[in-house]
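Residue numbers (this note's numbering): 108 to 353.
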């Protein structure tokens, strides 16, 4: 009599959150060196080409270099240490067009809601560092391009792609989203003079990005929503500002 063969269980799906808190600590340990290296590289580049520091332009060049170095460190953790794909591990995946259209629609609505929330909370106007730099057309153009392209991409991949999934696994869905939002808001606090109204509004806006990341299972719509949100805020800033040369 031929013995019955017990079927093998199906292969388990790989854990989408395969990194841990030690990896987060390694990433955070790369932040200060990345900032220092970016500052020196930017200063050396400007000196090499004989250009003078140009406010927002120099600052954003340094920030771009710092982000590049941080993503290099993150690549080392995800790809070299674990041998897993980089972009898809951070949730940057293709999604249905309907989800993308929804993200594009929600971005401006969220910007309007945050602006109305600022009125309700009587948010004070602050002389934040970035706005002080927007004194010429070239700086305005560079800041605007950065704010709707590389800025949202880098921030969403770090906060919603890398940090939030681990926080969700540790503290649950709501707790994980909330913790990621608070960290996001606090890191932006110095830009607004640490006014509590700005921190609250940034937390709420970030919560929408985080919820979108969770509901769709992808960082892509959060990046797009964040980009359109920034575009709306920046456009409103330009409408209410007397541009240099006018």
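Heads up, the beta-carbon is just placed ideally off N, CA and C, and yes, glycines get one too.
So what's residue 195 in DSSP terms, helix, strand or just coil?
-> helix
Item to check | Residue span of the alpha helix (DSSP H) that contains residue 344, given as start and end | outcome: 327–346
- prompt: CA-CA distance, residue 301 and residue 293?
  reply: 8 angstroms
Unbroken alpha helix (DSSP H) run spanning residue 208, endpoints: 204–227
Since I believe residue 306 is in contact with residue 296 (beta carbons under 8 angstroms), could you give me their beta-carbon distance rounded to a whole number of angstroms? 6 angstroms
* Asked: In three-state DSSP terms, what is residue 189?
  -> coil
Expressed to the nearest angstrom, what Euclidean distance is found between the alpha-carbon atoms of residue 176 and residue 144? 9 angstroms
Next on the checklist: With three or more C-beta pairs closer than 8 angstroms as the rule, is the region 198–214 touching the region 140–156?
Outcome noted: no
(request) Go ahead and pull the three-state DSSP assignment for residue 130. (result) helix
Start and end residues, alpha helix (DSSP H) containing residue 184:
Segment: none, residue 184 is in no alpha helix (DSSP H) and carries neither H nor E.
_Whole angstroms are fine: how far does the CA of residue 149 sit from the CA of residue 217?_
35 angstroms
Report the CB separation of residue 137 from residue 180 in whole angstroms; it is logged as a contact under 8 angstroms.
4 angstroms
Quiz item: Within the chosen definition, does the region 246–259 reach the region 285–292 through at least 3 CB pairs nearer than 8 angstroms?
Solution: no
Measure the alpha-carbon distance for residue 192 versus residue 185 and round it to whole angstroms.
7 angstroms
Practice problem: Compare the beta carbon distance of residue 48 and residue 335 with 7 angstroms and say whether it is the shorter of the two. | Solution: Nothing about residue 48 can be read from this structure; the chain reaches only from 108 to 353.
Can you list, in chain order, the residues of its chain with a C-beta nearer than 7 angstroms to that of residue 279? Leave out the 5 residues immediately preceding and following it. none
Could you tell me the alpha carbon to alpha carbon distance between residue 341 and residue 281, rounded to whole angstroms?
30 angstroms
*Terminal residues of the continuous alpha helix (DSSP H) containing residue 267?*
Neither: residue 267 is in no alpha helix (DSSP H) and is coded neither H nor E.
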